[in-house]
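Below is one structure; the comments refer to it alone.
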Amino acid sequence: MKTLVSMIAGILLVTLLPFGPVLGEELHQKGQEVFQSKGCVACHTIGGGRLVGPDLKGVTQRREEGWLRKWLKDPDTMIQTDPIAKEMLKEYLVPMPNQGLTDEDIDALISYFKHEDSKQNNNKKEE
């Protein structure tokens with residue numbers, strides 16, 4: 006019986022292992038698509054400087070993931086209740102519109118932000 010369980014576990018491991026990186030890759034690519042299709046690029050860059058809203062370079066280092074999730078899901082409430090969001094409104098003068106993002110969109114965006122931040126960190130190490 007142990008041999009059968011070990012054999013099944015081995016088959017599953019070998020079969021599913023290649024999909025791990027692919028799923029992560031697909032998620033951040035979906036995040037890039039969401040970033041473009043929802044119009045985030047109209048107000049934000051990632052490493053290209055400030056526009057109407059902040060440059061999102063390093064956003065996953067500046068903000069905790071839970072905060073980012075709340076902000077992306079419901080910026081209207083955050084502007085009313087969160088001190089960081091209130092300060093951003095004072096600085097940028099334009100509230101971030103609620104884009105009606107799904108939880109899947111938010112997962113993808115955060116994956117995209119993390120991916121971009123890790124690319125930027127890797128570039129710093131090479132310099």
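Just so we're on the same page, the working numbering is the position in the sequence shown counted from 1, plus 5. Beta carbons are placed, not taken as given, at the ideal position from N, Cα and C, and that holds for glycine.
Local conformation of residue i per DSSP, three classes
| i | result |
| --- | --- |
| Glu30 | helix |
| Leu106 | coil |
| Val57 | coil |
| Asp79 | coil |
| Pro100 | coil |
| Thr50 | coil |
Residue i classed as buried or exposed, judged by whether at least 16 other C-beta atoms fall within 10 angstroms
| i | result |
| --- | --- |
| Lys95 | exposed |
| Lys124 | exposed |
| Pro80 | buried |
| Asp64 | Per the sequence shown, the amino acid found at residue 64 is Val instead of Asp. Answer is buried; the Cβ neighbour count reaches 16. |
| Gly36 | buried |
| Asp108 | exposed |
| Glu121 | buried |
Beta-carbon spacing of residue i, residue j below 8 Å
| i | j | result |
| --- | --- | --- |
| His49 | Tyr117 | no |
Anticipated Cβ contact below 8 Å, residue i with residue j, distance rounded
| i | j | result |
| --- | --- | --- |
| Leu114 | Val39 | 6 Å |
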